[in-house]
Structures are given as C-alpha cells and as structure tokens.
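Residues -18 to -1, 1 to 407 in mature numbering (1 follows the signal peptide of the UniProt record, and there is no 0) are what the sequence shown spells out, letter by letter. Think of the CB as a built atom: it goes at the ideal place given N, C-alpha and C, for glycine as much as any other residue. A quick note: this is a predicted structure, and the numbers were derived from the prediction, not measured.
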Amino acid sequence: MIMHATGSALVLRPLVLSFAHPRRFAGCKVLCSATVETKQRVVPQTNDLLSPYKLKDFQLEHRIVLAPLTRCRAIGSVPQPAAQEYYRQHTTKGGLLIAEATCISTEGHGYPQTPGIYTQDQIEAWRPVMDAVHEAGGVFFLQLWHCGRASHPDFQPGGALPLAPSALSIGPDWKVYTPSGKEEAYVVPQAIDQQKIAEIVQQYADGARNAIAAGFDGVEIHGANGYIIDQFLKTGSNHRTDEYGGPIENRARFAMEVTRAVAEAVGPERTAIRLSPFTTFLDAIDEDPVALGSYMAEQLNPLDLAYLHMVEPRVPSGATEGDYDSSASLKPFREIYKGTFMVAGGFDRELGIEAIRDGSADLVAYGRLFLANPDLPERFALDAPLNRYDRSTFYTFDQVKGYLDYPFLDQVDPDKAKELAALAA
Ligand SMILES: Cc1cc2nc3c(=O)[nH]c(=O)nc-3n(C[C@H](O)[C@H](O)[C@H](O)COP(=O)(O)O)c2cc1C
C-alpha cells in the first residue's frame, strides 16, 4: 500500500481507489477511519484574505470559506464514506466549510443522490464526516435545503406534485434530472396552504437540531438560487394573495419564520442564511432585487445570526456564467447589515483579497475554485497555480473521479509545496 502525502494530509491511494463503486462502501468504513491520518494544515498568513476572523464562538484562521457545493454523491440520500475524505481534504486549521445543500424532508429533494438530514441513518452518516473536519481543525456548517418547485413527482412521496408558493412552473429553459437520471421539463407545482407552510418551517427547525446532533457547528439556511425560500421571496415565483404574497414584507414572511425557528432551535450564533436577490437561476426573478435584499438585511439585523451570506450579481444563474447588470452590487446590503457578511460568486485570489481589504466582506466563499483545489487556502498563500475544474464531473455519482482526485500542490509543484511548508513552519 503506497501512502501519499497531500500537503500534510495523508491519503491512501489504494483505499481511495476502492471507493470507485458505491456498493463497496460499507466494507470501507472501518478501514477508512482506521488508516487515514489527519495532521492539521496551518495556512501561513501572507495576505488579507488569510487574516484571522472571530465568528461568534469560532476562531477562524483565515477568510476563505468552502461554498456549499452539491455533489450528488450521497447514494440513497445518505452521505457515503468518501464524503469524509472529500471534506477532510478541504479542511485547514481554523477554516470554515459549508457542507453541500442537504434536504430537510423527502419532499425537499429535487436532485438525484443529494443528502438529507431527516432520518437517523443520515444523522449517523454525517457524524464521521463532521468528525473528520473537526480532527483537521475546521469549522463546519450544514446547508439546509428544500427545493420546492425545483423538483419532480418522482422525488415526491406518492408521486405528488412538488410544493411551491404558487402553482407556477419553472420555464422550459431549465430541466430537472429525475431520480432515474432522465432529463425532463419541470411540472406545474402545487401551491401550499398555510398549514403546510407551518409544517415546513418546523422541518427546517428539526433539520437544524439534527445537524447539531450530528456534530455540526452550525447551519446555513439555503434561501438562495431559486429554491423554496427564494421562490417565496421573489415576485416572479410568488403570486400568492394571502399574507405570504404581495408586498415585500409578506413575501419575506416565510424566510423570516424559517430563520427565527432555526435560530430558536439551535441558537442564533449557530444560524446563518444565504440569499441571492439578483440571481435568476431556475427562473427565480424579482422585479426589485435591491429593495428585496435591503429589506432582508434590515429584518435579519436584530436576529444577530452567525452570518449573512450573499451571492454576487455577477453570478446571474447560480453556478453558470452569463450576462448580468454590472452596475448591480451587494454594497447596499453590506451597508445595512451589521453582522458578519460573507460574499460568493466569481471570486479569484485578487478579488478576494480586495474584498477583505476594502471592507466589502468579512468572509469570501469559493465554489468552483475550491472544488478543484482542496488546498486552495495554501495555494492562495503562495499565489501558486490552480487546478482547472472539470464541469463534467461536478454532479456525477462517482465516489472518486472529480471528487477525491484533484491533486494537492505537492503532487503538481513540489518546489512550491516546499516553500509552503517552510512558511507554515
Ligand atoms: C458544482 C456546484 C454545486 C453547487 N451547489 C450549491 C449548493 O448546494 N448550494 C448553494 O447555495 N449553492 C451551490 N452552488 C453555488 C456555489 O455555492 C457558488 O455560489 C457558485 O459556484 C459561485 O461561486 P464561484 O464563482 O466561486 O464558483 C453550486 C455551484 C457548483 C459549481
């Protein structure tokens, strides 16, 4: 068996390769935790992005955050052993990670092989993932997810229609991948009544409690990118005529009820929320995103949450590139919001350093670059070259390819790795 040092995290090659077939996972579990040795990776503080930050009770050693990234590797909605290695690879001492969007109920699912946090099996499976991150010195928040109308009857109990604020379908430009992997058009969802709204609010609170029971340090409510909370928030997807629709304060009611319920369940210092007023992903379009984001920032202020996480307008369609209004900015929200402000979307090293230096953010979340560079903080410390991400493997179910096999710096540039070790010593 060949042991390979990746940075200072040790990865056992033959073990990793044995993850290639999901059916073989069960047998790997004991071996996995028994043989992978974790040494905490300390990132040298060579620039503003790598300066420490106090996030409520957590002492972060740098400002580079792993953005929530759906990976579709949770077979049967249960995190697999490979997730332990994946998140461990992305952990540095005092680094903050946000785990992939994780459903709070069966009805919340809308993508194949995405994890949940509503059964005992799921909670048990998250625990060793959590332990791996803690051993490596990281702080770990779980993103709580309900897809709402961005789902399909094949995901729903009894083949029911997906749940939504209004019976308005996502348009033909978008496709849903059913559990069997078929690409289909989105259906017209069912508009939920107030009893169901109350039930979903409760599911968020239960999901948050379960996440803490699994050992997570906190939760981030997914209020972005066209899923159920964003569907309620935006004028294009919410045509309700009751107190959950119409004026901004009504459209925001569901988001605020969820946030208060979660904060009450696990404490505001362990609660965060992600919003994307400008993003038009999955047809979640608002006629006045600045007013919407400003209203939310104001309403969230008194809750004193762990952080508010907002997606830059330059990411108009969630994970994809496209046209956007370059005059739009998160600045008004940063000015209104009094707590920790995290930004995400299209940041590279220089833009991240600038955002911290000019005060436009406290923390910067990286998606695609971090996905492809598990040692991104170390690479940013050295201004080292980056691995390119491979979009074709973002959402495959493979437990290794595109998931555990992006190389660390010492595998691509041993000289830079030596420089890093000297700096970190
Ligand atoms: C593969 C992939 C999966 C993603 N999954 C999620 C998710 O689970 N939750 C979420 O809020 N955003 C998700 N996003 C959006 C990212 O968190 C991030 O906002 C986006 O990639 C833009 O940041 P970047 O330019 O640093 O990649 C995903 C993006 C990608 C590329």
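**OP:** Under 6 Å Cβ to Cβ from residue 134, same chain only, skipping five residues before and after it: list those, please.
**Re:** Translated into positions along the sequence shown, residue 134 becomes position 152. Answer for residue 134: 158 and 160, listed in chain order.
Original post:
Would the beta-carbon of residue 348 be found less than 7 Å away from any heavy atom of ligand 1?
Top reply: By one-based count along the sequence shown, residue 348 stands at place 366. Correct: residue 348 has its Cβ closer than 7 Å to ligand 1.
**OP:** For residue 218, verify whether its CB is less than 7 Å away from any heavy atom of ligand 1.
**Re:** Reading the sequence shown from its first residue, position 236 is the one you call residue 218. The answer is no for residue 218.
**OP:** Quick one: using the 10 Å Cβ neighbour count with 16 as the cut-off for buried, is residue 142 buried or exposed?
**Re:** Position 160 of the sequence shown, counted from the start, is the residue given in the question as residue 142. Exposed, by the Cβ-count rule.
Original post:
Would you report the Cα separation of residue 188 and residue 86, rounded to the nearest angstrom?
Top reply: Along the sequence shown, read from residue 1 onward, the residue named residue 188 stands at position 206. Along the sequence shown, read from residue 1 onward, the residue named residue 86 stands at position 104. Looking at the two C-alpha atoms, the distance is approximately 8 Å.
**OP:** Report yes if the CB atom of residue 59 is closer than 8 Å to the CB atom of residue 104, and no otherwise.
**Re:** Walking along the sequence shown from the start, residue 59 turns up at place 77. Walking along the sequence shown from the start, residue 104 turns up at place 122. Yes.
Subject >> Same chain, Cβ closer than 7 Å to residue 388, neighbours up to 5 away in sequence not counted >> reply: Numbered from 1 along the sequence shown, position 406 holds the residue referred to as residue 388. Counting only Cβ-Cβ distances below 7 Å, and skipping sequence neighbours, we find 354, 355, 356 and 369.
**OP:** Verify the contact flag: residue 91, CB atom, against every heavy atom of ligand 1, threshold strictly below 7 Å.
**Re:** For the purposes of this step, residue 91 is taken as residue 109 along the sequence shown, with counting starting at 1. Not under cutoff, so the answer is no.
**OP:** Classify residue 373 as buried or exposed, calling it buried when 16 or more other Cβ atoms lie within 10 Å of its own Cβ.
**Re:** Here residue 373 refers to the residue found at position 391 when the sequence shown is read from its first residue. Exposed, since its Cβ has fewer than 16 Cβ neighbours within 10 Å.
Original post:
So, are the CB atoms of residue 132 and residue 257 less than 8 Å apart?
Top reply: To locate residue 132, count along the sequence shown from 1; it is residue 150. To locate residue 257, count along the sequence shown from 1; it is residue 275. Cβ distance not < 8 Å, so residue 132 and residue 257 don't count as in contact.
Original post:
Can you give the Cα-Cα distance for residue 250 and residue 396, rounded to whole angstroms?
Top reply: Residue numbering aside, residue 250 sits at position 268 when the sequence shown is read from its first letter. Residue numbering aside, residue 396 sits at position 414 when the sequence shown is read from its first letter. Cα to Cα, the separation comes out at about 44 Å.
**OP:** Could you tell me which of 183, 203 and 261 sits nearest to residue 294, measuring between CA atoms?
**Re:** Residue 294 sits at position 312 when you count from the first residue of the sequence shown. Out of 183, 203 and 261, 261 has the C-alpha closest to the C-alpha of residue 294.
Original post:
Could you give the residue range of the alpha helix (DSSP H) that holds residue 84?
Top reply: Taking the first residue of the sequence shown as 1, we reach residue 84 at position 102. Residue 84 -> not in any alpha helix (DSSP H); beta strand (DSSP E) instead, spanning 78 to 85.
Subject >> Cβ-Cβ separation, residue 282 to residue 319 (assumed contact under 8 Å), whole Å >> reply: Start at 1 with the first residue of the sequence shown, and residue 319 comes out as number 337. Start at 1 with the first residue of the sequence shown, and residue 282 comes out as number 300. Yes, they are in contact, since the Cβ atoms of residue 319 and residue 282 sit about 7 Å apart, within 8 Å.
Original post:
Are residue 346 and residue 47 close, meaning C-beta to C-beta below 8 Å?
Top reply: Position 364 of the sequence shown, counted from the first residue, corresponds to residue 346. Position 65 of the sequence shown, counted from the first residue, corresponds to residue 47. Result yes, Cβ atoms of residue 346 and residue 47 sit closer than 8 Å.
**OP:** From the DSSP output, in three-state form, read off residue 134 for me.
**Re:** To locate residue 134, count along the sequence shown from 1; it is residue 152. The answer is coil: DSSP assigns residue 134 none of H, G, I, E or B.
**OP:** Leaving aside the five residues before and after residue 398 along the sequence, list all residues of the same chain whose C-beta is less than 6 Å from its C-beta, in chain order.
**Re:** Numbered from its first residue, the sequence shown carries residue 398 at position 416. Only 364, 366 and 391 meet the Cβ criterion.
Original post:
Just checking my contact of residue 42 with residue 76 at CB under 8 Å: how many whole Å lie between their CB atoms?
Top reply: Residue numbering aside, residue 42 sits at position 60 when the sequence shown is read from its first letter. Residue numbering aside, residue 76 sits at position 94 when the sequence shown is read from its first letter. 5 Å between Cβ atoms; contact.
Original post:
Any chance the CB of residue 256 is under 7 Å from a heavy atom of ligand 1?
Top reply: In the sequence shown, counting from the first residue as 1, residue 256 sits at position 274. At least one heavy atom of ligand 1 is nearer than 7 Å to the Cβ of residue 256, so yes.
Subject >> DSSP beta-bridge partners of residue 253 >> reply: Residue numbering aside, residue 253 sits at position 271 when the sequence shown is read from its first letter. Answer is 201.
Subject >> C-alpha distance - residue 80 paired with residue 208, whole-angstrom precision >> reply: Translated into positions along the sequence shown, residue 80 becomes position 98. Translated into positions along the sequence shown, residue 208 becomes position 226. Cα to Cα, residue 80 sits roughly 19 Å from residue 208.
Original post:
In the structure shown, what three-state DSSP assignment does residue 376 receive?
Top reply: The count along the sequence shown starts at 1 and reaches residue 376 at position 394. Of the three classes helix, strand and coil, the one that applies to residue 376 here is coil, per DSSP.
Original post:
How big is the Cα-Cα spacing for residue 316 and residue 350?
Top reply: As a working mapping, residue 316 is identified with position 334 in the sequence shown. As a working mapping, residue 350 is identified with position 368 in the sequence shown. Taking the straight line joining both Cα atoms gives about 24 Å.
Original post:
Who are the Cβ neighbours of residue 409 in its own chain at under 7 Å, not counting the five residues just before and after it?
Top reply: Shown here, the chain extends from -18 to 407; a query on residue 409 therefore has no answer.
Subject >> The alpha helix (DSSP H) enclosing residue 108, as first and last residue numbers >> reply: Here the question's residue 108 lines up with position 126 in the sequence shown. Looking at the DSSP string, the run of the alpha helix (DSSP H) that includes residue 108 is 102 to 117.
Original post:
Any heavy atom of ligand 1 closer than 7 Å to the Cβ of residue 71?
Top reply: In the sequence shown, residue 71 corresponds to position 89, counting from 1. Flag unset: Cβ of residue 71 not near ligand 1.
Original post:
Residue ranges of each alpha helix (DSSP H) run of no fewer than 4 residues wholly in the region 148 to 199, ordered along the chain?
Top reply: 176 to 195
Original post:
Using 8 Å as the Cβ pair cut-off and three pairs as the minimum, do the region 188 to 201 and the region 109 to 129 touch?
Top reply: yes
**OP:** Could you say which of 361, 228 and 29 lies nearest to residue 401 if we only look at CA atoms?
**Re:** What you label residue 401 is simply residue 419 of the sequence shown in a count that begins at 1. The shortest Cα separation from residue 401 among 361, 228 and 29 belongs to 361.
Original post:
Could you check where the alpha helix (DSSP H) with residue 272 kicks off and where it finishes?
Top reply: Here residue 272 corresponds to residue number 290 of the sequence shown, with the count starting at 1. From DSSP, the alpha helix (DSSP H) with residue 272 extends over 271 to 282.
Original post:
Going by the C-beta, is residue 146 closer than 7 Å to any heavy atom of ligand 1?
Top reply: Here residue 146 corresponds to residue number 164 of the sequence shown, with the count starting at 1. No - ligand 1 has no heavy atom lying nearer than 7 Å to the Cβ of residue 146.
Original post:
Does the distance from the C-beta atom of residue 223 to that of residue 268 stay below 8 Å?
Top reply: Taking the first residue of the sequence shown as position 1, residue 223 is located at position 241. Taking the first residue of the sequence shown as position 1, residue 268 is located at position 286. Not a contact, by the Cβ cut-off of 8 Å.
Original post:
So, using beta-carbon positions, are residue 285 and residue 247 closer together than 8 Å?
Top reply: Looking up residue 285 in the sequence shown gives position 303. Looking up residue 247 in the sequence shown gives position 265. Not closer than 8 Å, so no.
Subject >> Residue nearest to residue 327 in terms of C-alpha spacing, selected from 348, 152 and 111 >> reply: If you number the sequence shown from 1, residue 327 lands on position 345. For residue 327, the nearest C-alpha among the options comes from 348.
Original post:
In whole angstroms, what separates the C-alpha of residue 166 from that of residue 175?
Top reply: Stepping through the sequence shown from its first residue, residue 166 is reached at position 184. Stepping through the sequence shown from its first residue, residue 175 is reached at position 193. For residue 166 and residue 175, the distance between alpha carbons rounds to 27 Å.
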